[in-house]
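Enquirer: Below is one structure. I have some questions about it.
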Amino acid sequence: MIDTSSADTRQDKIKIITDKLENGVKNLLQSDKYKEYLSIMSKFHNYSFCNTVLIATQKPDATYVAGLQSWNKNFKRFVNKGEKGIVILAPAPYKKKVEQKVLDESGNEITETKTIKIQSFKPAYVYDISQTHGEPLPSISVNELNGNVDNYGKLFKTIKEVSPVDVSFEKIS
């Protein structure tokens, strides 16, 4: 908990809070847990807008999504028996030979065979972490930075007192 009782002014309270936040961020960024967290999170694929929409329409509560092999190899997690995959579109480019008429050095028309790459897609299946079991994913453990703050009420009251703007929590619909 951030103790601001020694502060005389609003600026002193803000200084105490921002110093605590700065130290928390520094400790987090220098910790092995954070490095492990980033290493694991970097293994998650960044999905296209269309695939994100497909995931959201099929499993709105999805958080971490990966394919079967990725869960097994990268995260040591395994899909629960009976789970149905979330279908997305995966790139499936292929090459095709086409004949094209071109002019040779003399200006005569000849047929040349060219290989072109055609962009195509195929259905692929991914699974949310809630559909898996196994090794836990690492988490960030600086309480003041991840929402698990002891004496939350006091912290929120202090932030409201020192903030130059209104601070409140409201349900967003």
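In the numbering used here, the protein residues as written are -8 to 164.
Glycine included, every Cβ here is placed at the ideal spot set by N, Cα and C.
Keep in mind that this is a model prediction, so the values were computed, not measured.
If you draw a straight line from the C-alpha of E27 to the C-alpha of V158, how long is it?
Expert: As a working note, residue 27 is residue 36 in the sequence shown. As a working note, residue 158 is residue 167 in the sequence shown. Their Cα atoms are separated by approximately 34 Å.
Enquirer: Please report the straight-line C-alpha distance between P168 and G76, rounded to a whole angstrom.
Expert: Residue 168 lies beyond the range of the chain shown here (-8 to 164); nothing can be said about it.
Enquirer: By the 10 Å Cβ neighbour count, where 16 or more other Cβ atoms means buried, how is F66 classified, buried or exposed?
Expert: The residue labelled residue 66 in the question sits at position 75 within the sequence shown. That one is buried.
Enquirer: So, with DSSP's three-state summary, where would you put D157?
Expert: Stepping through the sequence shown from its first residue, residue 157 is reached at position 166. In this structure, D157 counts as coil in the three-state DSSP scheme.
Enquirer: I believe Q122 touches N42 by the beta-carbon criterion, under 8 Å. Please report the beta-carbon distance rounded to the nearest angstrom.
Expert: To locate residue 122, count along the sequence shown from 1; it is residue 131. To locate residue 42, count along the sequence shown from 1; it is residue 51. The pair is not a contact, with the Cβ atoms about 17 Å apart (cut-off 8 Å).
Enquirer: In this structure, how does DSSP classify A115 when only helix, strand and coil are distinguished?
Expert: The sequence position of residue 115 within the sequence shown is 124, counting from 1. Three-state result, A115: strand.
Enquirer: How would you write the range of the alpha helix (DSSP H) that T43 sits in, first residue to last?
Expert: For the purposes of this step, residue 43 is taken as the residue at position 52 of the sequence shown. DSSP places T43 in the uninterrupted alpha helix (DSSP H) bounded by 40 to 49.
Enquirer: So, L80 versus Y118, is the Cβ gap smaller than 8 Å?
Expert: Along the sequence shown, one-based indexing puts residue 80 at 89. Along the sequence shown, one-based indexing puts residue 118 at 127. With respect to the 8 Å criterion, L80 and Y118 are not classified as neighbours on the basis of their beta carbons.
Enquirer: Identify, in the order they occur along the chain, each residue of the same chain with its Cβ nearer than 7 Å to the Cβ of N63, setting aside the five sequence neighbours on each side.
Expert: Along the sequence shown, one-based indexing puts residue 63 at 72. Closer than 7 Å at Cβ, skipping near neighbours: F69.
Enquirer: Count the other CB atoms, across all protein chains shown, that sit within 10 Å of the CB of T106; report buried if there are 16 or more and exposed otherwise.
Expert: By 1-based counting over the sequence shown, the position of residue 106 is 115. Under this definition T106 is an exposed residue.
Enquirer: Determine the extent of the alpha helix (DSSP H) in which K64 is found, giving its start and end residues.
Expert: The residue labelled residue 64 in the question sits at position 73 within the sequence shown. Counting along the chain, the alpha helix (DSSP H) containing K64 begins and ends at 59 to 66.
Enquirer: Helix, strand or coil: which one does DSSP assign to I101?
Expert: Locating residue 101 in the sequence shown gives position 110, where the first residue counts as 1. I101 falls in the strand class under three-state DSSP.
Enquirer: Look up L12 in the DSSP assignment and say whether it is helix, strand or coil.
Expert: In the sequence shown, residue 12 corresponds to position 21, counting from 1. Here L12 sits in helix by DSSP.
Enquirer: At the level of alpha carbons, what is the spacing between K11 and L146?
Expert: The residue you call residue 11 lines up with position 20 of the sequence shown. The residue you call residue 146 lines up with position 155 of the sequence shown. Taking the CA atoms as reference points, K11 sits about 12 Å from L146.
Enquirer: Comparing C-alpha positions only, which one of K162, I5, F112 sits nearest to V78?
Expert: Stepping through the sequence shown from its first residue, residue 78 is reached at position 87. Of K162, I5, F112, the residue nearest in Cα terms is F112.
Enquirer: Assign T149 to one of two classes, buried (16 or more other C-beta atoms within 10 Å of its C-beta) or exposed (fewer than that).
Expert: As a working note, residue 149 is residue 158 in the sequence shown. With 16 or more Cβ atoms within 10 Å of its Cβ, T149 is classed as buried.
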